[in-house]
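**Q** Residue numbers (the working numbering), protein chains in the order written: chain E, 121 to 480; chain F, 1292 to 1348. Ideal placement from N, C-alpha and C gives every residue a C-beta, glycine not left out. A quick note: this is a predicted structure, and the numbers were derived from the prediction, not measured. Attaching a single structure in structure tokens format; questions to follow.
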């Protein structure tokens, strides 16, 4: 068999796989196949209004009105996937001019820096995803920068109700505006679930301002009980949608844990080790498995209280943290000042400890 | 639900909060404008509520 060299800028196989984005970190979306749900483990969530509410890992909602939709991880999925993100409308709501209902993912600037947005050399990107809805019609979405002053609105059509369809959108890179390239919000990918005219524009071009959807779009929140499933979301460099970038589950989980971490120690399972600084507090070091995007700023203890090798833990207070570890006080009674104490999960195995502050 | 202020190590004034919920879960967070729990705490304050003061150390 003879060997040789093929000189080409890009090669595409007969099944559409292109070499241009084949290697390395192809999909800039994390948890695009919706398999990681550290926060809720599949439970339904009703996003509060006025803030970014994270549900499945890396996916957040912004809703201008409360109680108009619920969301959860679903096992309804197209062939080749096992999960999707489900949104269900809770009412037949008529959006107001200033309303905005967004499902979105903020991509860290380090993971979009090579795209060169905001420069003359901005790369073309392609967004692909699988979607299924009880509604048909034209739906909208957008890509935005961190300052919300540059937006590209795209549209896609759902042709058949309750049927999985794959959509592809190719977007020329933005040569204007400021696009962060470090650990801030590099880019937002948005799927509109409803928006008023303030956040709508025509599809297909970059423009100044904050937009989320396309003029004339179908608003999911406008139909009580309407459903919207999405999975297989991929944003890649280049003008062709290639096959979904399946990463090992452990890799995908670790990528998500850079932004949020939830420990499930189980019954008497290890969490950290500390030194009692009084009879009521243990300064405890808990190592993070992944370097956080930025220093954690909060912790949540749920389920049952910790167990400890001595004393009786009852609570926890945030004290110090780095991107690699947190050092809270475990509060309780019966500690002996100066003694080393192992902190572990409670005996019923329901203790969880969440680390917040890494999300974008 | 109860919010209680506290001073982290090395701080002379309160710079963190412990939220204890009715179900027994606890969230503890810094005064950080990016932290969603802190944002919710500020909203709670705006509604006229007053947190439990920090203990003297």
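Residue 171/E touches chain F at which residues, Cβ-Cβ below 7 Å?
**A** 1327 and 1330
**Q** At 9 Å on the CB atoms, spell out the chain F contacts of residue 448/E, in chain order.
**A** 1319
**Q** By the 10 Å Cβ neighbour count, where 16 or more other Cβ atoms means buried, how is residue 369/E classified, buried or exposed?
**A** exposed
**Q** Note down, in chain order, every chain E residue with its Cβ under 7 Å from the Cβ of residue 1309/F.
**A** 437
**Q** Which of the residues in the segment 1293-1307 of chain F, read from start to end, lie with their CB under 8 Å from any CB of chain E?
**A** Residues passing the 8 Å Cβ filter: 1297, 1299, 1300 and 1307.
**Q** Using only alpha-carbon positions, find the residue among 160/E, 198/E, 202/E and 178/E that is nearest to residue 190/E.
**A** Of the residues 160/E, 198/E, 202/E and 178/E, the one whose Cα lies closest to the Cα of residue 190/E is 160/E.
**Q** Cβ of residue 171/E versus every heavy atom of the ligand ATP: is any distance shorter than 7 Å?
**A** Among the components modelled here there is no ligand, and therefore nothing to report on the ligand ATP.
**Q** Please classify residue 309/E: does DSSP put it in a helix, a strand, or coil?
**A** Judged by DSSP in its simplified three-state form, residue 309/E adopts strand.
**Q** Would residue 377/E be called buried (16 or more neighbouring beta carbons within 10 Å of its own) or exposed?
**A** buried
**Q** 8 Å is my cut-off, CB to CB: does residue 1323/F come that close to chain E?
**A** yes
**Q** Examine chain F for any beta-carbon lying closer than 8 Å to the beta-carbon of residue 377/E, and answer yes or no.
**A** no
**Q** Find the nearest neighbour of residue 245/E within the set 165/E, 359/E and 364/E, judged by alpha-carbon distance.
**A** 359/E
**Q** Hey, how far is the Cα of residue 411/E from the Cα of residue 250/E?
**A** 31 Å
**Q** Express the C-alpha separation of residue 213/E and residue 186/E in angstroms, rounding to a whole number.
**A** 11 Å
**Q** Nearest chain F C-beta to residue 365/E closer than 8 Å, yes or no?
**A** no
**Q** Going by the CB atoms, is the gap between residue 365/E and residue 420/E shorter than 8 Å?
**A** For the 8 Å CB-CB criterion, residue 420/E and residue 365/E do not form a contact.
**Q** Would you say residue 129/E faces chain F, with C-beta separation under 8 Å as the test?
**A** Note that residue 129/E has pLDDT 48, beneath the 50 cutoff, so the model's placement of it is unreliable and the number below is only indicative. Closer than 8 Å: no.
**Q** Mind listing, in chain order, the continuous beta strand (DSSP E) runs of no fewer than 3 residues lying wholly within the segment 270-358 of chain E?
**A** 270-278, 285-291, 305-315, 326-328 and 347-357
**Q** Would you say residue 452/E and residue 334/E are within 8 Å of each other, going by their C-beta atoms?
**A** no
**Q** Please give the ranges of any beta strand (DSSP E) in the segment 233-276 of chain E, keeping only runs that are unbroken, at least 3 residues long and fully inside the region.
**A** 245-253 and 257-264
**Q** Could you pull out every residue in the same chain whose Cβ sits closer than 7 Å to the Cβ of residue 276/E, ignoring the five residues on either side in sequence?
**A** 259, 287 and 289
**Q** Decide if residue 324/E is buried, meaning its Cβ has at least 16 other Cβ atoms within 10 Å, or exposed.
**A** exposed
**Q** Can we say the segment 347-361 of chain E touches the segment 315-331 of chain E, given the rule of at least three CB pairs closer than 8 Å?
**A** no
**Q** Out of curiosity, what's the CA-to-CA distance linking residue 455/E and residue 394/E?
**A** When rounded, the separation of the alpha-carbon atoms in residue 455/E and residue 394/E is 11 Å.
**Q** Name the chain F residues that come within less than 8 Å of residue 391/E, Cβ to Cβ?
**A** Within chain F, no residue comes near residue 391/E; the closest Cβ sits about 15 Å away, beyond 8 Å.
**Q** Going straight from the alpha carbon of residue 239/E to that of residue 300/E, what length do you get?
**A** 12 Å
**Q** Please state whether DSSP places residue 129/E in a helix, a strand or coil.
**A** Low confidence applies here, because residue 129/E scores a pLDDT of 48, under 50, leaving its location unreliable; read the following figure in that light. Three-state result, residue 129/E: coil.
**Q** Kindly indicate if chain F contains any beta-carbon less than 8 Å away from that of residue 463/E.
**A** no
**Q** Report yes or no: do three or more beta-carbon pairs, one from the segment 213-229 of chain E and one from the segment 302-312 of chain E, lie closer than 8 Å?
**A** Judged by Cβ distances under 8 Å, the segment 213-229 of chain E makes contact with the segment 302-312 of chain E, as three or more pairs qualify.
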